[in-house]
Amino acid sequence: MPAENSKNQNNVVATRWIYDPKVRGIIFQAVAVACVAWMLFYFISNALHNMETRGIATGFAFLENRASFGIAQTLISYSEDDTYGRAFIIGLLNTLLVSVIGIIFATALGFLVGIARLSKNWLLSRAAAVYIEIFRNIPLLLQIFFWYFCVLRNLPAPRQSMSLGDAFFLNVRGLSIPAPVIESGFSFVVGAFIVAIIAIVVLRKWAKKRQYLTGQIFPVFYSGLGLLIGLPLLTFLFSGMPLHWELPELKGFNFRGGFTIIPELFSLAVALTIFTAASIAEIVRSGILSVSKGQVEAASALGLRGGLTLRFVIIPQAMRVIIPPLTSQFLNLVKNSSLATAVGYPDLVSVFMGSTLNQTGQAVEIIAMTMAVYLTISLVTSALMNMYNAKNALVER
Amino acid sequence: MNIGKNEIVVELNDVNKWYGEFHVLKNVCLRVQKGEKIVVCGPSGSGKSTMIRCINRLEEHQQGDIIVKGTPLTNDLKNIESVRREVGMVFQHFNLFPHLTVLENCCLAPMWVRKIPRKEAEAAAMKYLERVHIPDQALKYPGQLSGGQQQRVAIARSLCMNPEIMLFDEPTSALDPEMVSEVLDVMIELAKEGMTMLCVTHEMGFARKVADRVIFMDKGQIVEENTPEEFFNNPQSDRGRLFLSQILQH
Amino acid sequence: MVVYREQPSLPSPAGQSSVAAWLRKNMFSSWLNSIVSLALLYVLIPQLWSLIHWAFISADWFGDNRDQCVSGGACWVFITNRLNLFIYGFYPESEHWRVNWVYALTALQVAALLYPKTPHKTILTGIFFIVYPFVVFYLLYGGAFGLEVVETHKWGGLMLTLLLGIVGTLAALPIGIVLALGRRSEMPMIRALSVVFIEFWRAVPLITVLFMASVMLPLFLSGEVNMDKLLRAMIGIILFESAYVAEVIRGGLQAIPKGQYEAAKALGLNYWKSMGLIIMPQALKITIPSLVNTFIELFKDTSLVTIIGLFDLLAVAKAGLSDPAWLGYSTEAYAFIALVFWVFCFGMSRYSMYLENLLHTGHKR
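Residue numbers (our numbering), protein chains in the order written: chain A, 1 to 397; chain B, 1 to 250; chain C, 1 to 365.
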């Protein structure tokens, strides 16, 4: 076999191929891939064989079959005659609903608690610390059970609901709130809102230019806020208030009309929020602490007041440290929403991996589809996060 | 030695400060004239950094008065802000804002505190960056610069606010030896142009060249105040002698 | 020119370090602060008082049945009555001593291994990882040495939770190490396989993994129709956990300065020797606090096994609540379980913080 480096006639060192690290590497990888492939082949052939002997169907045709089970909360229309495929969509939408609600409230609460933890007020910072330490160290499932079984089960029956005015009713079946019914003039309000947003963008550009030219600072934030709220509000009033509320009414044993937030959703959302907010608070706290004291001192020495220092020095640097673990927590929240099965909230796992699997027995396809959904969410979020990190990294030598 | 013909820009009267129970500044009295260059030296823990940090209220004193250009330093935020506009500070660890370019670092305070239009602020910033000899780095980020370059940017950043008084807190202590001279040169030029400077430093060569007065502090109080020649050649106190013998060995 | 005489250190002026000064600085330093402090005190103190009143002062502690719960406070009788169930699950009472031995031996070994100053750590680790699992298996399951067999469906309560957590983390360690090394490998196929494996298990919720283990695992293996349910859950947990352990160890490997790898190479050590003798010992030492954190996370997540029908601590409590003799005491039950989890998790997290401080003073960050 010709040696690798036999150009030099005088000093021929025959490199035996088996000691060449490159060749070794290739052999090793080939063996590894072969092992993995064999393992997969073994599993798959076993699975196919076992499914055949037990009479379990294969393939995705079951998605067209009639579901024949009801679902407690559906964001789009659904009846027992709809397909399993539609049930999948419903479950997915419910998962997304509770995840979005959870993310919004957990972030808000987490930021508040994190900032409170850093407060100079001893009571406030201790109270925040106690909150964080308690809710981080108790399993989420237990917290969900607590809210669902201890708090919400003890609410009164619909006939004795706790109520706020004639509009809000809290009982063991859920929280019934008025539902907005949009009338014809409402599109003007939406139009006004869009106009307000465009106006704010233009205003910002103009104010920035003015500052560059004359140095005067225009209060963009407050005027923007005023526009955002005021313009749609005025349009609303002037077009005759094209919105009325459908109030929930007690008919028989239940409330009809309005929105009902079922206790399953409520307990899941509350538990997810409180649990995740504790972790987010720690992330926020360490992010803000990561900005060295010298930065704040330099800003103060230059004459920058608290608000300006926060805006230009602390927040930009803290956000760099906060955002990656924050996205991790968001992903955790989405994954944790699968605990809905424990209280019967019809999320993706409960509807698809629970009811549908029970009825069709097609475990492999169903579990694969469910995992694929979570995988997609996770990978997309990771990709976005990597893009954000690359774009915002501090430029160094 | 100047005999007080010039305006007194910084006045410390019987300033006392405690950290908890630790008495860190003991009856410190100081009068700085306009255009004076003062070097503060002393062993570590003597309170020299604490004293100059009290002048721009990065530290609070508990007893005594500090008056900067006629404004007394109290808990009144308006007073503090007006003092900070007149007093610039250069830190041992530079403290440049890493997420902003050099130019943005320099323009931030003039634009948002003095409300100067951006074009003017940028022109002034470039002028000062030229004075510290690094106009070509204006669009770089601090992380891309060497220590000496970063400290010069820090000096330019403070100068952009047009302060009347410059405080230096051990500006060269964190630098590699070969970069110390580039920063000291800038400080010497600044001194020659007539800036009032209070400098905490161990660089005795700089003190000899530039200082009108050397103040030696130990254990929270001013032990000796003298011209550089007098202090370095003929220290009058035991502790001064001890300190000089320790640092002048190299 | 001017020389000053030395002045004595004076005590700080009155009110610098007294309680009043502390209060003024920390709670009442400004108008806003004062309002916040007063509002918090107004809200928190009555709540705390009523909680203490309910939980301790007017609570009932011991007894046989619910008739003992007459005062308006917490009915801890429910807990004390069923304490055995919480600790041992459905393990037969005559064999409880076996579980006690497992508890004691495990606590002893874990304490010895985590305490930084124990001698002969390598031998102890070897025993803990290789010999002890057999000991545990035979003690708990039985079937040899004259011990009666106790089927796994009788295992439950705190014992099951600890078993799942500890075995899950420990068995995941070797797999995690291999995966971490694979992810950092220079061979593209190995790296790809590791990344795919790790990212997959980290992206899916534990519930889907447990379902998969419970339902799909029997399908993948030939023969076994009724594979032990606990074993299925355990396999799922181990695979799931190995991905997280891999990421923790990867962080540790990244923290080792490049100079260590280079020095090992320069000494002539091949890949496996340099990993085994130089890099891994250092990496594992640094990552112990993070590994403890991973264990804490798994410990909390083991509560999910109730959904596939195993009776961990939480499930046992919930099962107890459906006993008609004890209806309506869900708050007490959950509060007690929460306390148990909290004590474990908080204690372990404090310990890991202590370890982190200890280990980082010796290692340059």
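Note that CB positions come from ideal geometry on N, CA and C, so glycine has one too.
Neighbour flag for residue i against chain C, beta carbons, 7 angstroms
i      : result
A:N121 : yes
A:Y78  : no
Residue i at chain B interface by Cβ criterion, 7 angstroms
i      : result
C:I23  : A quick correction: the sequence has Leu, not Ile, at residue 23 of chain C. C:L23 does not count as touching chain B.
A:Y212 : yes
C:R365 : Confidence at C:R365 is low in this model, with a pLDDT of 40, below 50, so its placement is unreliable and no value can be given for it.
A:G303 : yes
C:L376 : Lying outside 1 to 365, the shown extent of chain C, residue 376 of chain C is not represented and no answer is given.
C:M353 : no
Rounded separation between residue i and residue j - CA only
i      : j      : result
C:G165 : C:N293 : 12 angstroms
A:F251 : A:R159 : A small fix is needed here, since residue 251 of chain A is Lys in this sequence, not Phe. Answer to the nearest angstrom: the Cα atoms are 9 angstroms apart.
A:N65  : A:Y84  : 6 angstroms
B:S173 : A:A127 : 41 angstroms
C:L160 : A:I197 : 57 angstroms
B:D238 : B:K26  : 19 angstroms
A:T273 : A:F105 : 6 angstroms
B:G31  : B:L198 : A small correction: the amino acid at residue 31 of chain B is Arg; Gly does not occupy that position in the sequence shown. Going by the C-alpha atoms only, they are around 11 angstroms apart.
A:A37  : C:L105 : 41 angstroms
B:N56  : C:Y261 : 49 angstroms
C:F341 : A:I90  : 35 angstroms
C:L113 : C:L179 : 24 angstroms
A:L268 : A:I261 : 11 angstroms
B:A138 : A:I27  : 53 angstroms
C:W54  : C:L339 : 15 angstroms
B:K37  : C:L38  : 50 angstroms
A:F275 : A:R136 : 6 angstroms
A:I194 : A:S187 : 11 angstroms
A:M162 : B:L100 : 55 angstroms
A:G114 : C:A111 : 34 angstroms
Cutoff 7 angstroms; reference residue i; Cβ partners in own chain excluding five residues on either side
i      : result
A:T327 : T381 and M385
B:G42  : K48, F216, M217, D218 and F243
A:S292 : none
Beta carbon proximity, residue i to chain A, threshold 7 angstroms
i      : result
B:R208 : no
C:Y334 : yes
C:N81  : no
B:M1   : Confidence at B:M1 is low in this model, with a pLDDT of 45, below 50, so its placement is unreliable and no value can be given for it.
B:V68  : no
C:S37  : yes
C:F56  : no
B:N257 : Outside the shown range of chain B, which is 1 to 250, sits residue 257 of chain B, and nothing can be said about it.
B:P72  : no
Cβ separation of residue i and residue j, assumed to be a contact under 8 angstroms, to the nearest whole Å
i      : j      : result
A:F149 : C:S330 : 5 angstroms
A:L112 : C:L40  : No, A:L112 and C:L40 are not in contact; Cβ-Cβ is about 14 angstroms, not under 8 angstroms.
B:F206 : B:V90  : Not really, about 13 angstroms apart at Cβ, beyond 8 angstroms.
B:P171 : B:Q92  : 7 angstroms
Contacts around residue i, its chain only, beta-carbon distance under 6 angstroms, and the 5 residues preceding and following it disregarded
i      : result
C:L384 : Residue 384 of chain C is absent from the structure shown; chain C starts at 1 and stops at 365.
A:V23  : W17
A:R173 : P158
B:R241 : P235
Beta-carbon proximity list for residue i, same chain, < 8 angstroms, skipping 5 on both sides
i     : result
A:L97 : L75 and L265
Residue i beta carbon near the ligand SAH (any heavy atom closer than 6 angstroms)
i     : result
B:V68 : Among the components of this structure there are no ligands whatsoever, and the ligand SAH is therefore not found.
Short CB-CB distance (under 7 angstroms) between residue i and chain E
i      : result
B:Q149 : Although the question refers to chain E, the structure presented lacks it and instead comprises the protein chains A, B and C.
Query - Interfacial residues, the segment 148-169 of chain A to chain C, with Cβ spacing under 7 angstroms - result: Flagged, chain order: F149 and C150.
Report task. Compile a chain-ordered list of the residues in the segment 112-134 of chain B whose CB is closer than 7 angstroms to at least one CB of chain A. Result -> From the segment 112-134 of chain B, only W112, V113, K115, I116, P117, R118 and K119 have a Cβ closer than 7 angstroms to chain A.
Query raised in the report: What residues in the segment 26-38 of chain A have a beta carbon less than 9 angstroms from any beta carbon of chain C?
Result: Flagged, chain order: I26, F28, Q29, A30, A32, V33 and V36.
**Report entry** Contact list for the segment 338-355 of chain A against chain C, Cβ threshold 8 angstroms
**Finding:** Residues S338, L339, T341, A342, V349 and M353.
Query raised in the report: Of the residues that make up the segment 7-32 of chain B, which ones have a beta carbon closer than 7 angstroms to any beta carbon in chain C?
Result: From the segment 7-32 of chain B, only W18, G20, E21, H23, K26 and N27 have a Cβ closer than 7 angstroms to chain C.
Query raised in the report: What residues from the segment 128-139 of chain A come within 9 angstroms of chain C, judged by C-beta to C-beta, listed N to C?
Result: Listed in sequence order: E133, I134, R136, N137, I138 and P139.
Requested in this report: Please name the residues in the segment 270-299 of chain A whose beta-carbon is closer than 7 angstroms to at least one beta-carbon of chain B, in chain order.
Outcome: Within the segment 270-299 of chain A, the residues whose Cβ lies closer than 7 angstroms to some Cβ of chain B are G294, Q295, E297 and A298, listed in chain order.
Query raised in the report: Residues in the segment 355-372 of chain A with C-beta within 8 angstroms of chain C's C-beta atoms, listed in sequence order?
Result: Of all residues in the segment 355-372 of chain A, the ones placed with a Cβ closer than 8 angstroms to any Cβ belonging to chain C are L357, A363, V364, I367, T370 and M371, in chain order.
Query raised in the report: Mind listing which residues of the segment 305-320 of chain A have their C-beta closer than 8 angstroms to chain B's C-betas, in chain order?
Result: Here the close residues are R305, L308, F312, V313, P316, Q317 and R320.
Requested in this report: May I ask you to list, following chain order, the residues of the segment 198-220 of chain C that have a beta carbon less than 9 angstroms from some beta carbon of chain A?
Outcome: When C-beta distances to chain A are compared with 9 angstroms, the residues of the segment 198-220 of chain C below that value are E199, F200, R202, A203, V204, P205, L206, I207, T208, V209, F211, M212, V215, M216, P218, L219 and F220, in chain order.
**Report entry** the segment 37-56 of chain A: positions lying closer than 7 angstroms to chain C by Cβ
**Finding:** Result list: F43, N46, A47, N50 and M51.
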